[in-house]
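In my numbering, the protein residues as written are 48 to 173. Yeah, the Cβ is synthetic: ideal placement off N, Cα and C, and Gly gets one too. One structure is given below, encoded as structure tokens.
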Amino acid sequence: YNHPNTDLFPNFTEWFQFLTHRGLRTYFNDHPFPVAGRNAGGLQTSPEEVAFRYQGLTEWMERGLTTWWFDRNWAFSIPPPFINESYTGCNWKGLSNTGWGSHIYFGTVAHYDKNVRDARGDTFYQ
Numbered sequence: 048y049n050h051p052n053t054d055l056f057p058n059f060t061e062w063f064q065f066l067t068h069r070g071l072r073t074y075f076n077d078h079p080f081p082v083a084g085r086n087a088g089g090l091q092t093s094p095e096e097v098a099f100r101y102q103g104l105t106e107w108m109e110r111g112l113t114t115w116w117f118d119r120n121w122a123f124s125i126p127p128p129f130i131n132e133s134y135t136g137c138n139w140k141g142l143s144n145t146g147w148g149s150h151i152y153f154g155t156v157a158h159y160d161k162n163v164r165d166a167r168g169d170t171f172y173q
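Set out below in structure tokens:
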């Protein structure tokens with residue numbers, strides 16, 4: 048989340064405003080790697096992972112990004128709860144990394160929209 052290409056886009060907030068004024072919605076896709084896999088915290092539901100994921104996703108939405116798409120098409124991913132593996136294809140009681148990751152991203156966007164965008168009267172994202 049914190050390595051944008053500022054050579055091509057020196058000011059993302061300005062770029063998102065430019066697109067919004069033209070009626071265009073935007074999305075990014077993400078190839079998430081769990082914080083535990085980087086030795087930066089605990090498992091998927093740990094405070095470190097939750098804070099990292101929420102801050103990373105909502106920081107870009109605050110700049111003007113409309114939504115996120117969870118990309119599970121990589122060899123690594125955020126696995127479902129209670130699984131300490133970062134490869135794609137993990138499963139916990141029928142919950143795959145695809146289902147879990149999609150839930151995390153959809154839920155984060157929905158929470159941000161309801162609690163931040165709706166609260167300030169921003170309806171463009173709808």
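Contact under 8 Å by Cβ, residue i with residue j
i	j	result
W121	T135	yes
Y159	E106	no
T60	G103	no
P126	P81	yes
S143	S133	no
Y172	R100	no
F117	D77	yes
Buried versus exposed, by CB contacts within 10 Å (16 or more), residue i
i	result
P94	exposed
T155	buried
G148	buried
Y74	exposed
Q64	exposed
The alpha helix (DSSP H) enclosing residue i, as first and last residue numbers
i	result
N144	144 to 159
Per DSSP, the bridge partner or partners of residue i
i	result
W139	L142
Review point. Mind pulling the alpha helix (DSSP H) runs of 4 or more residues that sit fully within the region 66 to 133?
Key: 94 to 110
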